[in-house]
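Note sheet for the following structure.
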Amino acid sequence: MNFDLTEERQMLQDTLRRFLREKYDTATRNKILNSDSGMSSEIWAELAELGVIGALFSEEHGGFGGKGFDIAVVFEELGRAGVVEPFLDTAVLAGGLVADLGNEDQQAHIESIIDGSLQMAFAHGEPTSRYDLTRVSTSATEKGDEIILSGRKAVVVNAEAADMLVVSARESGAQDDADGISLFLVPKDAKGLTIQGYALLAGGRAAEVTLDDVAVPASSRLGAAGKAADAIEARIAAANVAQTAETLGAMETACYLTKDYLGTRKQFGRPIGTFQALAHRFSDLLIEMEQARSAVILAAGHLEAERGVRERNISATKNLIGRVGRLVGEESIQLHGGIAMTQEYELAHIAKRIVMADHRFGDVDHHLERFIALAAA
Amino acid sequence: MDLSYSDEEIAFRDEVRAFLAEKVTPEMKDKVRGKAELTKADMENWHSLLNEKGWLAPNWPKKFGGAEWNAVQKHIFEEEAAMVSAPRIVPFGLGMLAPVLQKFGSQEQNDYWLPRILSGEDWWCQGYSEPGAGSDLASLKTTAVKNEAGTHYIVNGQKTWTTLGQHANMIFCLVRTDKDVKQQEGISFLLIDMDTPGIEVRPIILLDGTPEVNEVWFTDVEVPVENLVGKENEGWTYAKYLLTHERTNIAGVGFSQAGLSAVKRLAKSEMAGGKPLIENPHFAARVAQVEIDLMAMSTTNMRIVSKAAAGTAPGVESSMLKVKGTIIRQEINDLARRAAGAYAMPFSSEAVEGSNAMIPDPLGAGPVAAKYFNNRKLSIFGGSNEIQRGIIAKVTMGS
Chain P
23 MNFDLTEERQ MLQDTLRRFL REKYDTATRN KILNSDSGMS SEIWAELAEL GVIGALFSEE
83 HGGFGGKGFD IAVVFEELGR AGVVEPFLDT AVLAGGLVAD LGNEDQQAHI ESIIDGSLQM
143 AFAHGEPTSR YDLTRVSTSA TEKGDEIILS GRKAVVVNAE AADMLVVSAR ESGAQDDADG
203 ISLFLVPKDA KGLTIQGYAL LAGGRAAEVT LDDVAVPASS RLGAAGKAAD AIEARIAAAN
263 VAQTAETLGA METACYLTKD YLGTRKQFGR PIGTFQALAH RFSDLLIEME QARSAVILAA
323 GHLEAERGVR ERNISATKNL IGRVGRLVGE ESIQLHGGIA MTQEYELAHI AKRIVMADHR
383 FGDVDHHLER FIALAAA
Chain U
134 MDLSYSDEEI AFRDEVRAFL AEKVTPEMKD KVRGKAELTK ADMENWHSLL NEKGWLAPNW
194 PKKFGGAEWN AVQKHIFEEE AAMVSAPRIV PFGLGMLAPV LQKFGSQEQN DYWLPRILSG
254 EDWWCQGYSE PGAGSDLASL KTTAVKNEAG THYIVNGQKT WTTLGQHANM IFCLVRTDKD
314 VKQQEGISFL LIDMDTPGIE VRPIILLDGT PEVNEVWFTD VEVPVENLVG KENEGWTYAK
374 YLLTHERTNI AGVGFSQAGL SAVKRLAKSE MAGGKPLIEN PHFAARVAQV EIDLMAMSTT
434 NMRIVSKAAA GTAPGVESSM LKVKGTIIRQ EINDLARRAA GAYAMPFSSE AVEGSNAMIP
494 DPLGAGPVAA KYFNNRKLSI FGGSNEIQRG IIAKVTMGS
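Those protein sequences? They're chains P and U, same order as listed. Here the first sequence stands for residues 23 to 399, where the numbers follow my numbering. Here the second sequence stands for residues 134 to 532, where the numbers follow my numbering.
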């Protein structure tokens, strides 16, 4: 066993941490949060230049990583700095699906993703699908050389900024069949595509996406007709590695800020961290943080494993991170007191990132049930 | 022991229900549920409706124009009002300052200020916490020094977490009038007009984006000596008395019941695995667990409030109510957030109003996550839950 990062990953981590510490301070981020686009194109370009996106793709697709630990290293640092730019949506989800399923023409887009010039989003969840990956009602109907897409996609992160959407739709089967789901590349200016955007509580933007008889050429299908379910599940696994690592990084920051505050804030004539009632609760956070780090390692380390092993580890990790996340989010606010309730204080944003992560790709309950079901299978 | 309401209590409940059914409009409910902004005018309107009915000041003795309700009546009103999402009564003047004036204020002060509280002429806010004095309130540093003529106090310093201070024209403050004695023995209780030169109010934006609290700065603010309540340097006694009143209804049972109903409503429309979420055994168990705690909490609350009404001052019990009551309320906020799934992520339904006039969740989850974050304050304000636990331990173990 060896728990050290490879030299390349260690370098990437160091570079990224240094860059974000210098360039992505609280004031900069608050400006981004208050902006109309909810993201900074300069930061995006600079991080692309540093190789952040390239690290998320394998060499065969023009990147230099793409494995579980590459994803985890990048996202832990993004999380530590509370970065809101949609690397997960453009690169891990939509870009990843293009890499996994695309033909040569389609994969040509990856170069533009890696160099930072192309934005993408994955339009998959629907108003009543909750966290089920195979519950797809949006329909795909062949009409001559074209496919007609109709339906509604819910809370599609980065949809407004995306030049192109990866849209899931059903070509056959019942509403929740794994079989029959396809993916399509849909340009943002497609006729019949409506994107109604809104800000997200924890930063960034999402949209309700309505497809009203959107016609795309059959050549825009990613992979084989009706056979996308396995690829979607594998990509959501990668997204969960990214997101749990991001949450781990954010929790590191929450604990760091809390430690600092407990040591400097004085009440009753002494630092509040000297009160045992608070000190023990902080210790509990540190204990849970070690569990969280191990959980992320389990998820990242099994991302390339066979499906059953991979998914069992992913669900275990997402469940554990969701539980620890709630604890760290709530306790770090409570241990601070009122100051942590204010928007301008660093922790407010970090705590929102941590807690709201439980609302994407399955929450604590969903993954607990899934973990049980996978064990029974 | 009798757990059922008497005939008189049932009649009272029916009267409350009829009143609420008539006065609480759908617009008001939406605002209280966070779907639109509850404005100052909305809150003033609600006060005047209650005042017309004689129900604005349930705690006040009749001689001051109050309703003088007993514990059961107060409980009934709070529960019924919360269940229909009626606006809450802004407590600073009615529930916090008034009891202090009635107990420690002069006849002139009562004659002048109490009617203005009922009529809504004055909107009070509370000047207690300071940046360096939160849980350790007695360490407050805002000073009040009498001028040479002896006509005014000159106030300098800063207060913070002043809830709804942006609406207020009056603030009651704890100020330091003697620096050379034990902290608690040099504090006085002053009434200050917010329009006095030298006062500046700056909003603090909370993590859910709301401008609910403020910082209030005082620079050489002149306050007439007539505005001192009680005796100089005895303000700490009054402050402690006020805090026990701040903690009545601190359990927030009515809010919890309303919140739990809202969670159930939402869980009936949100879908999981092709079925309503409320049918998911895991989620249903979470809801049931909180409901069981709340049933007991409601009875605990009644037991303690009845005892207080019988003349026993609420002491350690009010601390217990605060801790358990806020844990339950926060748990319910957490359930609402979970129930909404991905639709908890949008900033709030307000965020999209006006742009496309579309509420993101067609199934009706409002700004549940914003509420969840906003209500993290419940375990922090009014004496944090850690301070309450300290009080419980100190009183019961004499440590």
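Yeah, the Cβ is synthetic: ideal placement off N, Cα and C, and Gly gets one too.
Straight-line spacing of the CA atoms in H180/U and L324/U works out to 22 Å.
Closer than 9 Å at the C-beta level to chain P, one finds these residues of the region 451 to 474 of chain U: Q463, D467, R470, R471, A473, G474. Rounded to whole angstroms, the gap between the alpha carbons of E30/P and L399/U is 48 Å. When secondary structure is reduced to three states using DSSP, P232/U falls in the helix class. In this structure, H285/U lies away from E333/U, with their beta-carbon atoms at least 9 Å apart. Counting only Cβ-Cβ distances below 7 Å, H381/P has contacts in chain U at G474, A475, A477, M478, in chain order. A residue is called buried once 16 or more other Cβ atoms fall within 10 Å of its Cβ, and K373/U, having fewer, is exposed. Under the Cβ criterion of 9 Å, K510/U is counted among the residues facing chain P. Straight across, the Cα-Cα distance linking S316/P with V233/U is about 55 Å. Relative to F237/U, the option among G392/U, T377/U, V362/U, M404/U whose CA is nearest is V362/U. Put simply, the backbone Cα of I394/P is about 29 Å away from that of V501/U. E211/U and G331/U have their C-alpha atoms some 39 Å from each other. For the pair T459/U and G118/P, the Cα-to-Cα distance works out to about 44 Å. The C-beta distance from R348/P to V377/P rounds to 6 Å, short enough to fall under 8 Å. For the pair S354/P and Q265/P, the Cα-to-Cα distance works out to about 20 Å.
Inclusion of M33/P and V106/P in the CB contact set at 9 Å is not warranted, their separation being larger than that value.
CA-CA distance, I203/P to I170/P, rounds to 14 Å. The alpha-carbon separation between C258/U and Y138/U amounts to approximately 36 Å. Counting only unbroken stretches of 4 or more residues, the alpha helix (DSSP H) elements lying wholly within the region 332 to 413 of chain U are 368 to 379, 386 to 402, in sequence order.
Taking 9 Å as the CB threshold, A301/U stays off the interface with chain P. Here DSSP, grouped into helix, strand and coil, assigns F480/U to coil. With respect to chain U, the C-beta atom of D198/P has a partner C-beta closer than 9 Å. With fewer than 16 neighbouring CB atoms inside 10 Å of its own CB, R43/P falls in the exposed class. In the structure shown, P239/P adopts extended strand secondary structure according to DSSP, grouped into three states. Remark: fewer than three beta-carbon pairs, one from each stretch, lie closer than 8 Å, so the region 160 to 177 of chain P and the region 82 to 102 of chain P are not flagged as touching.
Look at W66/P here: in three-state DSSP terms it is helix. Here K455/U is buried: its Cβ has 16 or more other Cβ atoms, across all protein chains shown, within 10 Å. Around the beta carbon of G474/U, a 10 Å sphere encloses 16 or more other beta carbons of the protein chains shown; the residue is thus reported as buried.
The three-state reading of DSSP puts Y220/P in strand, counting E and B together.
Rounded to whole angstroms, the separation of the alpha carbons of D385/P and K89/P is 24 Å.
In the DSSP assignment, E98/P falls within the alpha helix (DSSP H) that extends over 90 to 102. Taking a C-beta cut-off of 7 Å against chain P, the contacting residues of the region 258 to 280 of chain U are G267, S268, D269, listed in chain order. Closer than 9 Å to the CB of E519/U there is at least one CB belonging to chain P. Secondary structure at Y505/U: helix, using DSSP grouped into helix, strand and coil.
Judged by pairs of C-beta atoms under 8 Å, the region 404 to 413 of chain U does not touch the region 304 to 314 of chain U, as fewer than three such pairs exist.
Contacts between G147/P and chain U, judged by CB atoms closer than 8 Å, involve A475 in chain order.
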